[in-house]
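Here's the structure, in C-alpha cells; my notes come after.
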Amino acid sequence: MVYCVFVACLGSFSNGWVIGSPNVPGEVTHHCLNGDTYSHDSFFPDCLPMNDGLWGFAVASFCVGGLIGGLSGGVIQTKLGRKRTILLNNLGFIIGGILIACAINSPMFVIGRVFCGLSCGLGSLTIPTYIGEVATIPARGAMGTCNQFFIVIGILLSSVVGLPLATVPFWRINYVIVAVPAILQLFLMNTCVETPRYLISVQRMQEAKVALQKLRGQVSIDAEFYDMIEGHLGTVVAQSVIEELGMNLVNDSSSTEKENIEKESEVVPENPVEQSREPMNMLQVFVDPVIRRIALTVICLHAFQQLVGINAVMYYSTTIFTLAFDQSFSKYMAILSTVVNFVTTILAVVLIDRMGRRPLLLVANAGACLFCVLLVIGYIYNIPALLVVSVFLYVASFAIGIGPIPWMLTSELTPTYASSSVGSIGTCVNWSVNFLIGQCFPVIFSRIAGYSFVIFAVFAILSFLFTLFFLPETKGRSLESIVKGYEKYRQ
Numbered sequence: 002m003v004y005c006v007f008v009a010c011l012g013s014f015s016n017g018w019v020i021g022s023p024n025v026p027g028e029v030t031h032h033c034l035n036g037d038t039y040s041h042d043s044f045f046p047d048c049l050p051m052n053d054g055l056w057g058f059a060v061a062s063f064c065v066g067g068l069i070g071g072l073s074g075g076v077i078q079t080k081l082g083r084k085r086t087i088l089l090n091n092l093g094f095i096i097g098g099i100l101i102a103c104a105i106n107s108p109m110f111v112i113g114r115v116f117c118g119l120s121c122g123l124g125s126l127t128i129p130t131y132i133g134e135v136a137t138i139p140a141r142g143a144m145g146t147c148n149q150f151f152i153v154i155g156i157l158l159s160s161v162v163g164l165p166l167a168t169v170p171f172w173r174i175n176y177v178i179v180a181v182p183a184i185l186q187l188f189l190m191n192t193c194v195e196t197p198r199y200l201i202s203v204q205r206m207q208e209a210k211v212a213l214q215k216l217r218g219q220v221s222i223d224a225e226f227y228d229m230i231e232g233h234l235g236t237v238v239a240q241s242v243i244e245e246l247g248m249n250l251v252n253d254s255s256s257t258e259k260e261n262i263e264k265e266s267e268v269v270p271e272n273p274v275e276q277s278r279e280p281m282n283m284l285q286v287f288v289d290p291v292i293r294r295i296a297l298t299v300i301c302l303h304a305f306q307q308l309v310g311i312n313a314v315m316y317y318s319t320t321i322f323t324l325a326f327d328q329s330f331s332k333y334m335a336i337l338s339t340v341v342n343f344v345t346t347i348l349a350v351v352l353i354d355r356m357g358r359r360p361l362l363l364v365a366n367a368g369a370c371l372f373c374v375l376l377v378i379g380y381i382y383n384i385p386a387l388l389v390v391s392v393f394l395y396v397a398s399f400a401i402g403i404g405p406i407p408w409m410l411t412s413e414l415t416p417t418y419a420s421s422s423v424g425s426i427g428t429c430v431n432w433s434v435n436f437l438i439g440q441c442f443p444v445i446f447s448r449i450a451g452y453s454f455v456i457f458a459v460f461a462i463l464s465f466l467f468t469l470f471f472l473p474e475t476k477g478r479s480l481e482s483i484v485k486g487y488e489k490y491r492q
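When you read off a place in the sequence shown, starting at 1, and then add 1, the result is the number in the numbering used here.
Shown next, in the form of C-alpha cells:
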C-alpha cells in the first residue's frame, strides 16, 4: 500500500514542480538582462520577452490546462481505470516540459504550460482518488495527506534548484526537469495494482480480490471486501460474490452481524440508487439528493481552498515581501515561506488521523483568518517583522489543513459510482478559482496593496463556518458508512 501511494504521488511532485518552477528563474525567463533577445551562434533566444501582464498570463495558463484536465478526468478514469489514467497523465508533463525548454517565443512557452496544466488537473483528480481507494481506513488520513506533501516538495525543490539555474541558458533546464519524475512514474506505476473499488465497479471481482490482498499483505480481507461490494452493488450481490469466491465472512464478523446481513439480503432496496450502481454522469449527480449534497460539500471545500488566497501568496510571495524588504532579500524570504509550507505539511501527516479532518480544518481556517488580519496590521503600521511572521503563519495554517483535506475528502465522501463525476466537478471548481485568483490578485494588489488580505480573511471566516455547520467527520469511518450518513437528505 505504501509503495503504491508513493509511486502515485510522483505525479503530485510533478504538479508541485510545475507550480513552483517559474518563481525564481521567472525574471531571467521573460526579461533579457543584456538587452538582446538572441545570443550569438544560438538557435534559442536568451529569454522570451514578455511584459508583466503577459508573463502573469503565461504563468497562470497552466490553470487553463488544469481546468480541462480536471473536467475530462472523470470520464477518463472511469473508462481507463485509476492506474492507467495515472500512466497517461505523465504525457502532459513530458510534452509540456520539452516545449517550454525548447521555446523560441512566448506562445510556445504558454502552450507548454497548458500541456503541463492538463496533467496537473488530471492528476489532482486521479491521484487522490487512487490513494483513497487503496488505503486502509486507519491509514487513509496520513496516506491522503501525501498528495499535498509531494506537491509541496515539488514546489520547494523547484525553488531551491531554480536559484543556480536562474541564468542564461540554464533556466530552460529548470522547466524540463518536470519530465524526470514523469518518466520514472511511467515505469514504476506498472508495478502497482489497480484499485479494488474500481475493479469491483467494472465487475472484475477476482482481480479486485487479488489486488486487495496484495495491498493488505497477510491480513484477512474478507470483511473489507464484503463492505466494498455491498457499498457499490448492494447486500444481496455482496453476499453472493463472497460465497462464489469461497471467502469466509463469519471469521471477520460476529454472529449478530451475520444475522443482520441475512435479514438485509431479504429486503429489496426501495430507491433506484441502491438497485443500480452504474457510474453517474455530472447531470445525474445533481438529480440524486444524496449525491447532490455530497457534491455541493465538495464544491464548497474546493472553492474555499482557493478563495482563502494561498496561491496569491505562492505566486506573488516575492512581490508581497517587497512591502517590507528589497527585491533581492524578498526572493529568499519567498523560498523560506515554501520551507514553512513543507515543514507544516509533515505535521499535517502526523495530526490528521489523530485530530480528525474537521477539527484540523477548523483550526486551519481560524489561523488563516487571524494571520491575514495581522498581515494587514503589519502593512498599515509598517512593521516588517509582523508582516513576515504573519505570511509564514498564514502559509502554515493552509498547509496543516486547508491544503490537503479538500482533496482527501473528495474521495472519502463520494461513493465509487459517483466519484469520477463529483471529483471532476470539484477539480474544475478548484482550477477555475485558482486561475481567477491568479489573474485578479495582481490587479487588486496594485490598487490596495496589503489591504488585499482583508478579502482572504473574510473567505477564511466563511470557510470556518461552512466546516463547523455542514462538514461531517470522516476519520475512522468507511466510505459506505459516510454515504449512509447523507441518506437523511433523500427525503
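We put the beta carbon where it would ideally sit given N, CA and C, even for glycine.
Keep in mind it's a predicted model, so treat the numbers as computed, not measured.
How is residue i classed by DSSP in three states: helix, strand or coil?
| i | result |
| --- | --- |
| P473 | coil |
| H41 | Its pLDDT being 46, under 50, H41 is placed unreliably in this model, and the value from its coordinates should be taken loosely. In this structure, H41 counts as coil in the three-state DSSP scheme. |
| P50 | coil |
| L138 | In the sequence on display, residue 138 carries Ile and not Leu. Here I138 sits in coil by DSSP. |
| A458 | helix |
| T167 | The question names Thr, but residue 167 in the sequence shown is Ala. In this structure, A167 counts as coil in the three-state DSSP scheme. |
| I222 | coil |
| C103 | coil |
| S1 | Outside the shown range of the chain (2 to 492) lies residue 1, about which nothing can therefore be said. |
| V286 | helix |
| Q186 | helix |
| L246 | coil |
| N431 | helix |
| E488 | helix |
| P280 | coil |
| F467 | helix |
| G82 | coil |
| D327 | coil |
| G235 | coil |
| M2 | coil |
Within the same chain, show all residues whose beta-carbon is closer than 8 Å to that of residue i, passing over the 5 residues directly before and after it, in chain order.
| i | result |
| --- | --- |
| F457 | L308, V309, G310, A313, A369, C373 |
| I403 | F305, Q306, V309, I311, L362, A365, N366, A369, S464 |
| P280 | T79, S202, Y418, A419, S421, S422 |
Just the Cα atoms here: how many angstroms apart are residue i and residue j?
| i | j | result |
| --- | --- | --- |
| A461 | F305 | 7 Å |
| V291 | H31 | 49 Å |
| G21 | V29 | 15 Å |
| L302 | F44 | 47 Å |
| I321 | I438 | 15 Å |
| L375 | L387 | 7 Å |
| V115 | L246 | 46 Å |
| G12 | M248 | 36 Å |
| P473 | R293 | 15 Å |
| V377 | F150 | 28 Å |
| V389 | P23 | 22 Å |
| P26 | T168 | 7 Å |
| C48 | C33 | 5 Å |
| F471 | L297 | 10 Å |
| A224 | A140 | 17 Å |
| A183 | V237 | 43 Å |
| G357 | S479 | 14 Å |
Just to confirm the assignment, what range does the alpha helix (DSSP H) spanning residue i have?
| i | result |
| --- | --- |
| F14 | 11 to 21 |
| C373 | 358 to 381 |
| P407 | 406 to 414 |
| T319 | 311 to 322 |
| N191 | Per DSSP, N191 belongs to no alpha helix (DSSP H) and is neither H nor E. |
| V392 | 385 to 398 |
| L216 | 206 to 217 |
| H31 | 27 to 31 |
| V179 | From DSSP, V179 is part of no alpha helix (DSSP H); its letter is neither H nor E. |
| Y199 | 197 to 202 |
Output needed for residue i: all residues of its chain with C-beta closer than 7 Å, excluding positions within five of it in sequence on either side, in chain order.
| i | result |
| --- | --- |
| N16 | C121, G124, S125, I152, G155 |
| P407 | L302, H303, Q306 |
| M51 | H31, A59, S107 |
| L469 | L363 |
Leaving out five residues on either side along the sequence, give the residues of the same chain with a beta carbon under 6 Å from the beta carbon of residue i.
| i | result |
| --- | --- |
| S147 | Here residue 147 turns out to be Cys, not Ser, going by the sequence shown. Here the set comprises V6, C10. |
| I336 | S160 |
| G97 | G113, F116, C117 |
| M334 | F322 |
Just checking: is the beta-carbon of residue i within a distance shorter than 9 Å of some beta-carbon in chain C?
| i | result |
| --- | --- |
| A461 | Reference to chain C is not applicable here, since this structure consists of a single protein chain. |
Original post:
Do the stretch 129 to 144 and the stretch 407 to 420 meet, that is, are 3 or more Cβ pairs less than 8 Å apart?
Top reply: The stretch 129 to 144, when compared against the stretch 407 to 420, does touch it at the 8 Å Cβ threshold.
- Task: For the stretch 419 to 434 and the stretch 72 to 79, state whether three or more C-beta atom pairs, one from each stretch, are separated by less than 8 Å.
- Result: yes
Would the stretch 94 to 104 and the stretch 441 to 456 be scored as touching if the rule is three or more Cβ pairs under 8 Å?
no
Sufficient close CB pairs (3 or more, under 8 Å) joining the stretch 52 to 63 to the stretch 170 to 184: no
*Counting Cβ pairs closer than 8 Å, one from the stretch 346 to 366 and one from the stretch 415 to 426, do we hit at least three?*
They do not touch, by the three-pair rule.
- Query: Is the stretch 182 to 194 touching the stretch 47 to 59 in the sense that three or more CB pairs, one from each, lie closer than 8 Å?
  - Reply: no
message: Does the structure place the stretch 476 to 485 close enough to the stretch 378 to 394 that three or more beta carbon pairs sit under 8 Å?
response: no
For the 8 Å Cβ check, are there 3 or more pairs between the stretch 342 to 351 and the stretch 161 to 169? These segments do not touch.
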